[in-house]
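Okay, structure first, notes after.
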Amino acid sequence: MRKRLRRPGAVATSTALATVAVSAMTATVFTPSPTAHAAPMSDVMFVGNNWDGTVDLVDARTFEKYQRIDVAADFDERVLQMRIDQRIAMAVVRDSAGEGHDQLVDDIMVSPEGHTMYVSRPSLGDVAAYDIATGEQLWHRRVHGYRSDHMALSPDGSRLLVSATTADVLDVVDTATGEIVADVPTGDFPHENRYSADGGTIYNASIGNVIAPDAEILDGLKGDRELTIIDAETYEVEKVIDFGVGIRPFVVLPDNRTMYAQLSFHNGLIEYDLEEQRRTRTVHLPLSEEAEKLKRSDYPLDSAHHGLAMNDDYTKICDAGTISDYAAILSVPALTVDAIVPTGDKPYWAASTPDGRYCFLSNSDSDDISVVSYDNPREVARIPVGDHPQRVRAYTVPSEVLHR
């Protein structure tokens, strides 16, 4: 049963959860033999090629490529199943956010055991699960409204969060069945989702209507741009913070208080105190000569910088300077700039490798990945991928699911 959650102060209807009875059984303790070994694991970067409808798997240490998974093989079948309003919405997505292309991979998540991949497919308005080793689709599910966007996976892998952009809700999907089990109200155009480090809190950021006019006098047409803070167990909204500007990629530190975020139209990032609900520092980063010539309406979907990652000990930030074609590496907590590293064209996401040594940036216009080192910042590799790479996610998966 799907439950509809409300904002704080609303009267909520609670659904009783079934209790699973566990039989008590006599346990036998087995001691592993000295020759027993854990299955080999590999650090892999999953790169979503939005206009291709494919996902490239890249070794996070050697930068060599593994298989490419086709996640749009069922495209024609899904289109035939659409209602007329869904087909119209698909055309709108193609002609606006898609720049004339269908958007077929927005975000990617991988199950904790590393065998299943989940992909949100904006133009199809759904999310689908795939076997990583075979590429077989396991299930698919339409989200509320017409478009699916950023995702997050619960620490135990049982719940997948999917931003349903046009419905202004966060859908909660049971990963075992693909069923939507809850939906949580958000601001306009919900975007990035994050679980807190302890897994107890969900952060959802909304960007507002990015296809509304960009003139500052018409800013109100973009709607509510908020950070929605949600209890990860009950899916009740605990707090809503009105930012008044689109919240792009962000990171919340393990203290659940300090947040680093990129904002629409801002060339740089901010530091934000979630307890005091105030901006504590603002970092302005340089614009390229070409970027200085851009009008506000030229920014891609209101993005100036779109892509934010940190190394594993939270001492470095990797910031994607989208309209200026660079990666900025900053030291934390000083927020001083270590280096401005040129990348490919229009870097649109940043993700750290599992070992925290490198930042992968997806160059959406040059169809490649820039690999930038955190220490002694520089581009150490350029990896060709598919058409219009955007989201990049890092996972450690069994080596047995990989092939070339």
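Position 271 of the sequence shown, counted from 1, bears residue number 275 in this note's numbering, the numbering being contiguous throughout.
C-beta: ideal position from N, C-alpha, C; glycine also.
Secondary structure note for A93: its alpha helix (DSSP H) is the uninterrupted segment I88 to D99. Note that the C-beta distance between P194 and D153 is below 9 Å. Within the region 127 to 212, the complete beta strand (DSSP E) segments at least 3 residues long are 130 to 135, 141 to 146, 152 to 157, 163 to 168, 173 to 178, 184 to 189, 194 to 199 and 205 to 210, listed from N- to C-terminus.
Between the alpha carbons of Y303 and L289 lies a distance of about 16 Å. In the DSSP annotation of this structure, the continuous segment of the beta strand (DSSP E) that includes R125 starts and ends at T120 to R125. Assignment of alpha helix (DSSP H) within the region 265 to 318, counting only whole runs of 4 or more residues, yields 293 to 296 in chain order. In its chain, beyond the 5 residues on either side, M45, S46, V48, V114, G118, H119 and I136 have a beta carbon closer than 8 Å to the beta carbon of V401. Judged by beta-carbon spacing, A236 lies beyond the 9 Å limit of P253, meaning their Cβ atoms are not closer than that value. Pairing S162 with D178 gives a Cβ-Cβ distance under 9 Å. Of all alpha-carbon atoms in A216, W55 and L278, the one lying nearest the alpha-carbon of L231 is that of L278. The alpha-carbon of P126 is positioned some 27 Å away from that of M263.
For L222, no beta strand (DSSP E) run applies, since DSSP gives it neither H nor E. With contacts defined by Cβ atoms closer than 9 Å, A64 and Y318 do not form a contacting pair. Per DSSP, E81 is one residue of the alpha helix (DSSP H) stretching across F79 to L84. Residue state for I215 is assigned as coil, using DSSP reduced to three classes. Assigned with DSSP and collapsed to three states, V336 falls in coil, not helix or strand.
For M155, the closest alpha carbon among the candidates L142, L273, K320 and D175 is that of D175.
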